[in-house]
DNA sequence: TATGAATGAGATTTCATTCAT
DNA sequence: AATGAATGAAATCTCATTCAT
């Protein structure tokens, strides 16, 4: 499924006008921002890593912050939302009759997404607290659009009698929480531990299913 | 319950040798680090906010990084672990016969803790990714000591037949995830939304209880 | 004789990539280091004297110490040794049949060298005691290479029966001592006294010749 | 012979009002100044080494420079001159009939002096170029008083026909040069090499004697 | 488009000195 | 006399940004 492609490659394909050097700059910036954080990364460091003169960075991005935004914004704007929407259509088109199937599909999809875009996601997570614009964008794209659609989805499965009858946004919160809790523990906090992914995913799904099951 | 006291006050009481100025420096640093992040906060800014000469900071902390560690280390070393241990003793002393009661007590306790120490916790969460020493300390104090004790606890309730029979560390992970997922959504991501705390807590507890319940 | 050229000019010619500003920085640094010593010279002072922004210094030299080394190292590495070697070849090619002629030539040569490079030599003499790396370099370049060659030379004149038969390194030590003793007194300790250079040089040569003469 | 006692001990005995702490400060300062130079030594470093509070240094010495002078001045003023004068009287009282005996006695005396006061002498040599006041004191005490007396002495041995008839100050310069050249090579430049002191001293004396001998 | 030298504002750090206790 | 916290000026160094080539 090409939809799990890396954001970066997608970005490079879409924007064909990008120079070789520009791509290198972006890749170097992602690497450094991800490892040390935006504020602790110097442009000279990025230039060195990209094999480019310092001035070259500023040909393409007026400021260092521009560079950050140039990396993070398209990610949120063009790439996260569409992904989710595609998934949603599948569900809405009755591809996933049961909430459990949807859960399983979503977890697989998100894990693939995470694996292919770890550095970018790190940056997003790490920098959001410090940049109000990012927080704003995040709220707009994720919290509103994505969350809203998932709430609809939850209501859909509630109506089908598969999920307990509590406020739909609480359903979404607890589902998200369990899935991302696993992903964060798995890929960010303890990536070096040896995980039995299959089993943990299954346990997590069962946990959510039991937690939200209507038959009680 | 004095055990929910703020870390900061605890720190100031324990270390009696702290000057008035030193306390001001710490408070100013916490405020700024929390808001803008360590790397984006200048020592001159901290000095100004603390009403102190810049040199004074460096009398007490050899480097800026020392200041960060001076704030974060005692938090992890002296204050998180003990808190948890106290709770554990209560449980072990049969104060909480049912897992559900323990969950409820722990959530209340952690919420109080979070409320009293938000800026400090923000710093911890935000800076851990960028400082290997912090990551190390975190793993040592939290991941090892705390996690281990909770695993024992999970096994205790499993033996009593209150929790489903899956690996105990998965139980702990999913419980943590659900609780901290709520806390993070509530206090870090959407603190300005209006939450019905009582209800959300109850929902979360029910979610976990159903998710892990043995009677199935 | 172009071999008595100034070290500085040699440096500037060899390293063609040096910017105009870089040269000014070097010149300013030499002047200040020579007058007040490395430790007592501030980089802002050097920048001002060089008509350059302070940051410019650190573009070219990572640290202040680097600047010192950038000035002193090439002096020892590239310029002292060659000088001496040239002189030695002359002697070995029988240009100087008599030790006395060699002495006279060497004193003239060294005096010219000193006159053209006083500030640099001051720096070298003044800073060596405080910088182990410099001491090491000095030993390597001067004490080993140069001294060794002079010992050979002494043995050469001893075999010709012109010099008394004592350990060759003692011959070299006493010769050096007498020559540099004069140079130091003349140019460093009492440069403002009025010296009859011709006469003093002649007296010094006679002193050495008598002191080391084999005919006794 | 108690006259070769260490300057430091002499200083501590003479000035009885010196506190224990003061002595420690002086000793610490001498050690640091000698190793790293005055400008590169911080007062806090001295305080730490002396086991004293920073403020204590400034109780006794108004400024850091005062401390340097407090160490170096008495050395020149009270201790070098007297030494020399005593020696001179001995000579004038016909204790040393021959220049050679005088030379030998002087070298022994100076070697003992050097050994007992190395750090102090290092400071003197290293700091003189950077402090005009020191240079002035040095000229006054050494160059004028001492040098002058030695010139008289040289003339004395010239009249006795033991020394060649050249300007007396040249005699003194060359003698000094040869002796201090040895001492500097021996104790400052290559202290770790293994020297046959007896032999080198004898060679040096012979060198000077031949170099200045009147019988030619 | 790309370079990289240069900048200057500002960040971190040092340090001699003062002063209340 | 002694302390050591506090200072603030200055030192070293960093870094985003500009600009001539």
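Chains as they are written, first to last, in the UniProt record's numbering: chain A, 1 to 216; chain B, 1 to 216; chain C, 1 to 216; chain D, 1 to 216.
Even glycine gets a Cβ: it sits at the ideal position worked out from N, Cα and C.
Please read all numbers here as calculations on a predicted model, not as lab measurements.
- Among the bridge pairs identified by DSSP, residue 213 of chain C is matched with C:163.
- Between residue 34 of chain D and residue 119 of chain D, the beta carbon gap of about 4 Å places them in contact (Cβ cut-off 8 Å).
- For residue 126 of chain B, the neighbours in chain A by C-beta distance under 7 Å run, in chain order, 129.
- At a Cβ-Cβ threshold of 9 Å, residue 168 of chain A and residue 154 of chain A count as neighbours.
- Three or more Cβ pairs closer than 8 Å define a contact, and the region 193 to 205 of chain D falls short of that threshold against the region 154 to 163 of chain C.
- Spatial neighbours of residue 32 of chain B in its own chain (CB-CB distance under 8 Å, excluding positions within 5 residues in sequence) are listed in chain order as 41, 45, 46 and 49.
- When the beta-carbon positions are compared, residue 25 of chain C and residue 67 of chain C come within less than 9 Å of each other.
- Spanning the alpha carbons of residue 138 of chain A and residue 152 of chain A requires a straight line of approximately 20 Å.
- When the Cα atoms are used, residue 10 of chain D and residue 115 of chain D turn out to be separated by approximately 15 Å.
- Contact of residue 198 of chain C with chain D is not assigned, every C-beta pair being separated by 9 Å or more.
- The shortest CA-to-CA distance from residue 109 of chain B to any of B:72, B:179 and B:189 is the one to B:179.
- At a C-beta separation below 7 Å, residue 145 of chain D has no neighbours in chain C, since its nearest C-beta there lies roughly 15 Å away.
- Residue burial annotation: residue 13 of chain C is exposed, with fewer than 16 other C-beta atoms found within 10 angstroms of its C-beta.
- Residue-level contact check: residue 176 of chain A touches chain B, since one or more beta carbons of chain B fall below 9 Å from its beta carbon.
- When 7 Å is used as the limit between beta carbons, residue 39 of chain B is near these residues of chain A: 37, 39 and 40, in chain order.
- Residue 126 of chain D places its beta carbon 9 Å or farther from that of residue 51 of chain D.
- Contact annotation for residue 98 of chain A against chain B: no contact, minimum CB-CB distance about 17 Å [criterion: below 7 Å].
- The continuous alpha helix (DSSP H) containing residue 67 of chain D extends over residues 64 to 74.
- The C-beta of residue 141 of chain A comes no closer than 9 Å to any C-beta of chain B.
- The beta carbons of residue 70 of chain B and residue 61 of chain B sit about 6 Å from each other, so the pair counts as a contact at 8 Å.
- Within 9 Å of the CB of residue 150 of chain A, no CB atom of chain B is found; the nearest one sits about 14 Å away.
- Scanning B:111, B:173 and B:77 for the CA closest to the CA of residue 201 of chain B turns up B:111.
- Annotation: residue 146 of chain C is outside any alpha helix (DSSP H) and is labelled neither H nor E by DSSP.
- In terms of beta-carbon proximity, residue 211 of chain D lines the interface with chain C, with at least one pair separated by less than 9 Å.
- In the three-state reduction of the DSSP assignment, residue 56 of chain A falls in the helix class, which pools H, G and I.
- Annotation: the continuous alpha helix (DSSP H) that includes residue 114 of chain B extends over 99 to 127.
- Taking residue 146 of chain A as reference, the option from A:205, A:203 and A:176 with the minimal CA-CA separation is A:176.
- For residue 64 of chain B, same chain residues with a beta-carbon under 7 Å away, outside a window of 5 residues either side, are 43 in chain order.
- Here residue 208 of chain B is near residue 211 of chain A, since their CB atoms are less than 9 Å apart.
- The DSSP-derived three-state label of residue 10 of chain D is helix.
- Here DSSP, grouped into helix, strand and coil, assigns residue 204 of chain C to helix.
- Think of a sphere of 8 Å around the beta carbon of residue 17 of chain A: no beta carbon from chain B falls inside it, the nearest being about 32 Å out.
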